[in-house]
Amino acid sequence: MMNVLDIAGDEQPVRKSAQRLRWFFQSFEEQVARSSAATNVVYAVDQSLLAEAFADWLKAFNAQKPKAAGDKLAFVGFAAGLMLRTLVIKKPASVTSMPENADLSDPAYFWPEGHLYVAYCLHVRSLVVEKDFHGEQRATDLLGDLRTWWSFKENVEEDPARAIAFLDLFAGEEPDWTVPGLFRTDNARDLLERPAPGELTRPAS
Amino acid sequence: MSRRSNLPLPRALKMPLRDVLRGVATVADITEEVLEPAAALLPTPVRSSFRSALATFEEAGNRAVTPTVDLADIARASAFLRGKDTSREAVETFVNVLAHVWEKTRSRHGDHTLLFSETVAAASLVVRQSGERRTAYAHAAAILTSLRKANVASKLPGMPVAPSKEEQAYIDQSLLSASVWLLSERGSTLAEEERLLELAFALIQALESDALTGMADEKLLAEQMKSLAEHL
Chain F
2 MMNVLDIAGD
12 EQPVRKSAQR
22 LRWFFQSFEE
32 QVARSSAATN
42 VVYAVDQSLL
52 AEAFADWLKA
62 FNAQKPKAAG
72 DKLAFVGFAA
82 GLMLRTLVIK
92 KPASVTSMPE
102 NADLSDPAYF
112 WPEGHLYVAY
122 CLHVRSLVVE
132 KDFHGEQRAT
142 DLLGDLRTWW
152 SFKENVEEDP
162 ARAIAFLDLF
172 AGEEPDWTVP
182 GLFRTDNARD
192 LLERPAPGEL
202 TRPAS
Chain B
515 MSRRSNLPLP
525 RALKMPLRDV
535 LRGVATVADI
545 TEEVLEPAAA
555 LLPTPVRSSF
565 RSALATFEEA
575 GNRAVTPTVD
585 LADIARASAF
595 LRGKDTSREA
605 VETFVNVLAH
615 VWEKTRSRHG
625 DHTLLFSETV
635 AAASLVVRQS
645 GERRTAYAHA
655 AAILTSLRKA
665 NVASKLPGMP
675 VAPSKEEQAY
685 IDQSLLSASV
695 WLLSERGSTL
705 AEEERLLELA
715 FALIQALESD
725 ALTGMADEKL
735 LAEQMKSLAE
745 HL
């Protein structure tokens, strides 16, 4: 069978394929196989929870999908963050075995399920950015930084919406820590970041 | 324990006969459950023979009532649901595929004694052909509505016996899953098709009541089926 994480959608944009359950299941299974091969961590995946994760993600995705073409690229990162949030909530994967003497200071062993979810979301995000928008996802050292992962785990346990901001951080983007669960276009950000009317300075005469 | 049945059964049974056998298989299932407390009072050899007889009935029935389908049948059933092929043969193939789906999902997800009647389903669909032009999804929604109105799946298919809330939800999930699967992009192998059917069922279960809101409104149902098929 075709490996969907290695290629672009053969007939339609990757971002469209990613909105289909068949593609989601296949690509997630591929990510599990890749992560297992790289770390020797064995995962079990609950198919019902995976389907629930997709259904919840789709609802959240459709609720905030922007209409303006100019916002589509920015929404890619947000949509990937929404997926991470949903996976963190639904927890479809669980570790069934870890290698002996696994180094727990390595994020892949510190929180294997979280590592799997982040790897998956970053992978799909980069695929869409590269194939559909001819862009490039930045690499960041934070992916291997245990302190960041410790903070990530603690924060998403408290508020899963923070997963959206952390995924931006892992992708080398500027995270929105204030309202991470709300997609804001550049225009909306500009409006929110303008000074309040009382702070307006008098125009030069 | 599974035991191979020696009952001689023709490979392809006609629709009404499959309906009868589907009832026999279910009755055997219920009988064993009902007689379970009494069975403990019987001497072991008698109890064993009794159970074997029921198991033979049940297994033979199950084997005979799950129609085999191939890729061409699935494609034709899909064409019927979309309103592209409204011939009598297409109706029969569609109903045959629905019965296949019913038995597949029942064996994996259903813990009930609801029956699906191919005869009632075919009769309701042959009668309802109107020749009216509509979109594929509107046509599919009309078909699904007809099937529900005809009570094609229940404890007594075709009879106005109201199922429980849980039973109705299961019936709706099964019929909607089958329809969404048939409306989605076709798989290239039978194994892929079986997988897609499982995914359709999983998606509709995951959406819970959201997926069934359109059942009372045909226009909304058509929109929902379009969206679900596109996201499968």
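Protein chains in written order, with this note's numbering: chain F, 2 to 206; chain B, 515 to 746. Idealized CB from N, CA, C, for every residue including glycine. As the structure is a computational prediction, the values presented were derived from the model and not from experiment.
Taking a contact to mean a Cβ-Cβ separation below 8 Å, would you say residue i touches residue j in this structure?
i	j	result
K669 (chain B)	L629 (chain B)	yes
F184 (chain F)	Q20 (chain F)	no
F746 (chain B)	A714 (chain B)	Residue identity check: residue 746 (chain B) is Leu in the sequence provided, not Phe. In this structure, A714 (chain B) lies closer than 8 Å to L746 (chain B) by Cβ.
A103 (chain F)	Y44 (chain F)	no
A52 (chain F)	A730 (chain B)	no
E632 (chain B)	N610 (chain B)	yes
S28 (chain F)	L59 (chain F)	no
V42 (chain F)	V77 (chain F)	no
G145 (chain F)	P113 (chain F)	no
L22 (chain F)	G82 (chain F)	no
H626 (chain B)	E681 (chain B)	yes
D177 (chain F)	A164 (chain F)	no
T149 (chain F)	A69 (chain F)	no
E707 (chain B)	L585 (chain B)	yes
L658 (chain B)	S601 (chain B)	no
I718 (chain B)	S678 (chain B)	no
When the Cα of residue i is compared with those of the options, which residue comes out closest?
i	options	result
M84 (chain F)	F:H135, F:T186, F:F25	F:F25
S127 (chain F)	F:F171, F:L105, F:K91	F:F171
D57 (chain F)	B:R709, B:E603, B:D724	B:D724
A743 (chain B)	B:E732, B:E722, B:L710, B:A720	B:L710
T607 (chain B)	B:A635, B:T627, B:H626	B:A635
A654 (chain B)	B:P581, B:L585, B:K598	B:K598
E603 (chain B)	B:S621, B:T727, B:A591	B:A591
A656 (chain B)	B:E722, B:L721, B:R596, B:L585	B:R596
S36 (chain F)	F:A162, F:P67, F:L123, F:E174	F:L123
G173 (chain F)	F:Q138, F:T186, F:V157, F:W150	F:Q138
T649 (chain B)	B:H614, B:H623, B:V640, B:L697	B:L697
P100 (chain F)	F:K91, F:F111, F:I90, F:K92	F:F111
R620 (chain B)	B:A589, B:P677, B:L726, B:E712	B:E712
L661 (chain B)	B:A586, B:I588, B:L585, B:E732	B:E732
L721 (chain B)	F:A39, F:G71, F:S49	F:S49
N156 (chain F)	F:V125, F:E30, F:I90	F:I90
A506 (chain B)	B:P581, B:S702, B:I718	For residue 506 (chain B) there is no data in the structure shown, the boundaries of chain B being 515 and 746.
A162 (chain F)	F:A34, F:R86, F:V130	F:R86
V15 (chain F)	F:E159, F:E175, F:V130, F:W151	F:V130
So, under 8 Å CB-CB, residue i and residue j are touching, yes? Tell me the CB distance rounded to an integer number of Å.
i	j	result
F594 (chain B)	V605 (chain B)	6 Å
Q32 (chain F)	L117 (chain F)	7 Å
A80 (chain F)	F55 (chain F)	With a Cβ gap of about 13 Å, A80 (chain F) and F55 (chain F) do not count as contacting.
F214 (chain F)	L74 (chain F)	In the structure displayed, chain F extends from 2 to 206; residue 214 (chain F) sits before or after that span and is not available.
L147 (chain F)	S106 (chain F)	5 Å
K740 (chain B)	Y651 (chain B)	4 Å
W616 (chain B)	A676 (chain B)	Rounded, the Cβ-Cβ distance is 20 Å, inconsistent with contact.
Using the Cβ count rule (16 or more neighbours within 10 Å means buried), how would you classify residue i?
i	result
S638 (chain B)	buried
L704 (chain B)	exposed
D686 (chain B)	buried
Q738 (chain B)	buried
T179 (chain F)	exposed
Q13 (chain F)	exposed
S18 (chain F)	buried
K618 (chain B)	buried
G136 (chain F)	exposed
A140 (chain F)	exposed
P181 (chain F)	buried
L734 (chain B)	exposed
A120 (chain F)	buried
G115 (chain F)	buried
P674 (chain B)	exposed
V640 (chain B)	exposed
G71 (chain F)	exposed
W695 (chain B)	buried
T40 (chain F)	buried
A736 (chain B)	buried
Closer than 7 Å to a non-hydrogen atom of the ligand MN - does that hold for the CB of residue i?
i	result
F111 (chain F)	Questions concerning the ligand MN fall outside what the structure shown contains, since it holds no ligand whatsoever.
Tell me the start and end of each unbroken alpha helix (DSSP H) in the region 645-693 of chain B that is at least 4 residues and wholly inside, in chain order.
For the region 645-693 of chain B, whole alpha helix (DSSP H) runs of length 4 or above, ordered along the chain, are 650-663.
Unbroken stretches of the alpha helix (DSSP H), 4 residues or longer, contained in the region 91-163 of chain F
Runs of the alpha helix (DSSP H) inside the region 91-163 of chain F: 108-111, 113-134, 147-159.
Alpha helix (DSSP H) segments (min. 4 residues) lying fully within the region 21-80 of chain F:
As far as the region 21-80 of chain F is concerned, its whole alpha helix (DSSP H) runs of at least 4 residues are 22-40, 48-65.
Along the chain, which unbroken stretches of the beta strand (DSSP E) at least 3 residues long are found entirely within the region 613-641 of chain B?
The region 613-641 of chain B contains no whole beta strand (DSSP E) run of 3 or more residues.
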